[in-house]
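A short worksheet on the structure shown next.
Chains as they are written, first to last, in the numbering used here: chain A, 1 to 156; chain B, 1 to 753; chain C, 1 to 270.
Structure below.
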């Protein structure tokens, strides 16, 4: 079927198999490869994007279900002039990434977390990111990054 | 002021946080246009004869280009001494996940459809799913070889070794099998060029080793293979070199006459990427009531999985068996057996976590037996600072260490006495949440392969710098650290320095990244190359400035050559120098003088155990990790964090479990308890830095150290939490049901007294 | 990773959804949030030939107070329920349980109707609705019927819903001011419950203690005759049939049921 999704402000339209997963539409059809696939059981969150502004695991959404909706990926976070989003800045400042594979999904999940809870505690950040797995960082600096991005002081 | 030793955020990150990394599945190379997609069909049964394979329906399926089985592959068999491993299972399968067939299809989405149509008849053979089962040889994996025992080492053991000891304790400790599970699964892309060369884009830690392995497997010269490593989404030892799949895919690309792309699913990855650990260690400690250990014995049994790809692991465990302690008498012995499970290979620490987990558990058991605080017992037995370099009875030569200092810093930082007091208070009050304190002091061997590394530095005509390293980082931030070193040495700003790695055409000779070797060896190589460039540049600059080389200095604040004390008499920037000389300003070196180094530390884990349900919560972990001078605290501490997380995960949560028939029961990421943010606390890091004389930078490797200390610290903490209820030992992972069962057994034992 | 092939049909109204179901019969499966169905399809444990997407049906997304009852639209997402003010005041246990399902991403997609129709005994909301004595409203070609929760969970993943029926609404009595408690025992925060307990008033629903969500009737009877939380909790495992697994034996599960029920009842009494 023909699927049209507005991704990072631009409409992307293609005739795709009905079973096409949103993550493949983003990566292959739209050519936006920052969003990664880390598992096949909706466990790891590496594929997290915003669908109509809310975080979803794009491997567990059909492109067909996102037809006519909007998607934001990490590639769409920075401003047009290149100024980084506070989360991007904070992840770098706090060394909240190492290999970078979980990072796009982690950043998008964090964006949604902060939209719901603008000043989370460290524990609330950990709970809010329970659906995003990271093997490299041990999560400490990821929590730091989200706390920094929320405008709160990082004291760990 | 030198940038080295200061916090510098990573140069890698700009791309990673905006466009994302370019991992193998992201590549859009022209050579890969029109590539077919590949999927391995893997055995669903642990041990069976393959009675038939019918690929006809699959071959007829939409978009299928080829279906290959062992019968098609005309490559020489791959030796995994003392046996061999087929490229695709040949007549017999030996583990769930073993590749049996390879499907190539035009579109990724057609692969699973085609794979479902392959009809394979399996004739089950009794599975060997555990070390104990393997040792009986009732069912044997390799009929011709005749036994499951594939390696023995060490010994002999002296029956009388423990005679005369006041106290003797013994315990068998399981070091649980875990899945490395980097977030990026394995993948690659393979394209033969019209020049007869194969280009392999591979998610690996060692492009040069991968090139050598693939060339050998395909029976061609190394010059025929180019390996390019793009960004890699984690390796942790499980992406060392290349797996057999890569060779098969290179072969398939040639046979099919098409470029091939491969990206395994996570479920495949959990059963066919090599697993880690999987040892059973029996420790015996003999000593005196004053805490002195007189005799230590470890009997290691390594589960090698179905194909023994990494038999160095148990012997490395033997090498590091005595840890930070001076033991007068030591006995080590090891055996390795094959089982019908996923092959075992390196995983963050590779042989050393197992040694540390065993000796640190042993020290706690000994402490409990003699009624001494575990911190005190350790202090009694530490190797003392004045004893370095220290030759262990097992043959390791430790460079430097301040073991008591690391322990003291952790005890002070954590207020150990206050924690013990709180523990006592809770016990007195019979509180439901028991507090447990676990110590682990560790030493580990880094750069242990004692190989070298390559480094090359070019001063470009415009004064910028390009450096090439043989190291192959995959998250460690080595680009940043090397750029810092070069900036410091050459006086060139970091944003004018480019670090390159990962392409065997650019860096033909190298070892790559594993064993925490990259900064100490790769960094030393780059340093040495820069030194040679500086030495040659000095001569050239002297000529141009009409001064003696001895009168010249490199002003690193300006990045310019000048006469000492008289800058007005002429300066030459790197760009000016490069423009005025005929020869390129470059040096390409091999740093081969590195020898193994021995980082060390102490971790203290604080756990809370809900004694009603058995659930363990890791409340704090205080870690002192000494790998010498810290060149960039940002990346150094990041490695510690990651190691603490993985080490705690093995102790508390993660295990790759098999049933008696060899079926993995934790084979998806929903079932395998990969640790998440909610199970870990904030980490408390204590600073300590003792240099080593063994390389140009004075540094040891930090990549694996924290993993090694944290596992036994957490493990010991859980046992400590339950000690007052009669529990002396339980095996990892300390999942709620195991804790509950241990409490019940101890309670029953106590009741029965 | 990739589901088997299917045809996707999007419904723009409840009537259209029903007629699509009638048209395709056994070949069709409803999809809303897809957070239960798609994982199964990706592992090829489910392979419907036709998917009828009802996610766009906003008219089934609501929480309304209707006299002494609360009407919850079946397509309300977990996250909608978690933050809903009517539920917060009149059925806080249900709001809380909705907020504990999976992770935030899953809660942005998954729906209460999808969860109940899927009828996984290890899921959280089925037990919560069972403990709430909910009534499930299903619409089919022949009209509407109301199925009490006690008659809705017939077996593992089995409900009385016909292939041509759609769950449209869930009704529960107001629970305003009633004590409540919820205990979910997992290894990791994101995991399915090894055992879970949902308590509201003196009703106790058990997660993962049988092939369906069940009520801890012996515990409830004890409460009715004046037992303390601990006394009632001690009976929580009566007439249960928990699965035996390496990381959680049935014996351990029964123990957990007793401990967790006591804790949930104690919280409800506080």
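Ideal Cβ positions, reconstructed from N, Cα and C, are used throughout, including at glycine.
CB contact flag (residue i, residue j, <9 Å)
| i | j | result |
| --- | --- | --- |
| residue 461(B) | residue 578(B) | yes |
| residue 38(C) | residue 84(A) | no |
| residue 38(B) | residue 262(B) | yes |
| residue 42(A) | residue 181(B) | no |
| residue 647(B) | residue 587(B) | no |
| residue 230(B) | residue 96(B) | no |
| residue 453(B) | residue 511(B) | yes |
| residue 100(C) | residue 214(C) | no |
| residue 91(C) | residue 112(C) | no |
| residue 197(C) | residue 264(C) | yes |
| residue 125(C) | residue 136(C) | no |
Residues that residue i contacts on chain C, provided the C-beta gap is smaller than 8 Å
| i | result |
| --- | --- |
| residue 55(A) | 104, 105, 108 |
| residue 76(A) | What residue 76(A) touches in chain C: nothing, since even the nearest Cβ is about 18 Å away. |
| residue 740(B) | 252, 255 |
| residue 48(A) | 105 |
| residue 61(A) | 34, 38, 109 |
Helix, strand or coil at residue i [DSSP, three-state]
| i | result |
| --- | --- |
| residue 156(A) | coil |
| residue 73(B) | coil |
| residue 374(B) | helix |
| residue 62(A) | strand |
| residue 38(B) | strand |
| residue 531(B) | helix |
| residue 122(B) | strand |
| residue 229(C) | helix |
| residue 573(B) | strand |
| residue 247(C) | coil |
| residue 5(C) | coil |
Per-residue contacts from residue i into chain B (C-beta, under 8 Å)
| i | result |
| --- | --- |
| residue 246(C) | 657, 659, 665 |
| residue 88(A) | 17, 18 |
| residue 51(A) | Within 8 Å Cβ-Cβ: nothing; residue 51(A) doesn't reach chain B, min ~18 Å. |
Chain-ordered neighbours of residue i on chain A, where CB pairs are closer than 8 Å
| i | result |
| --- | --- |
| residue 184(B) | 36, 38, 99, 101 |
| residue 682(B) | 122, 140, 143, 156 |
Contact set between residue i and chain C, taken where Cβ atoms lie within less than 9 Å
| i | result |
| --- | --- |
| residue 737(B) | 194, 246, 247, 248, 249, 252 |
Other residues of its chain near residue i: CB distance less than 8 Å, five sequence neighbours each side excluded
| i | result |
| --- | --- |
| residue 48(B) | 92, 93, 122, 123, 124, 125 |
| residue 82(B) | 145, 150, 151, 308 |
Residues near residue i by beta carbon distance below 7 Å, same chain, minus five either side
| i | result |
| --- | --- |
| residue 542(B) | 548, 549, 552 |
| residue 89(B) | 43, 50, 70, 98, 99, 100 |
| residue 755(B) | Residue 755(B) is absent from the structure shown; chain B starts at 1 and stops at 753. |
Listed by chain order, chain A residues near residue i by CB distance under 7 Å
| i | result |
| --- | --- |
| residue 669(B) | 39, 41, 43, 44 |
| residue 267(B) | 40 |
Own chain residues within Cβ distance below 6 Å of residue i, not counting five before or after
| i | result |
| --- | --- |
| residue 540(B) | 581 |
| residue 31(C) | 37, 51, 53 |
| residue 175(B) | 277, 279, 354, 357 |
| residue 266(C) | 229 |
Within chain B, partners of residue i - CB distance below 7 Å
| i | result |
| --- | --- |
| residue 259(C) | 612, 613 |
| residue 93(A) | 9 |
| residue 41(C) | None at all; the shortest Cβ gap to chain B is about 11 Å. |
Any non-hydrogen atom of the ligand COA closer than 8 Å to residue i Cβ
| i | result |
| --- | --- |
| residue 548(B) | Absent from the structure shown: the ligand COA. Ligands present: none. |
Neighbour list for residue i in chain A, Cβ cutoff strictly below 9 Å
| i | result |
| --- | --- |
| residue 142(C) | Going along chain A, no residue has its Cβ under 9 Å from residue 142(C), so there is no contact; the nearest lies around 29 Å. |
Neighbouring residues, chain B, relative to residue i (Cβ below 9 Å)
| i | result |
| --- | --- |
| residue 93(C) | The contacting residues do not exist; residue 93(C) stays about 21 Å from chain B at best. |
Report the residues of the region 634–657 of chain B with a CB closer than 8 Å to any CB of chain C, ordered along the chain.
653, 657
Residues in the region 592–617 of chain B having any Cβ partner in chain A nearer than 8 Å:
none
Using a Cβ-Cβ cut-off of less than 8 Å, give me the residues of the region 17–34 of chain A that come near chain C, in sequence order.
17, 18, 19, 21
Residues of the region 191–217 of chain C with a CB closer than 7 Å to any CB of chain B: list them in chain order, please.
none
Interface positions of the region 105–130 of chain A facing chain C (Cβ-Cβ less than 7 Å), listed along the chain:
109, 112, 113, 127, 128, 130
Against chain A, which members of the region 163–189 of chain B pass a CB distance test of less than 7 Å?
181, 182, 183, 184
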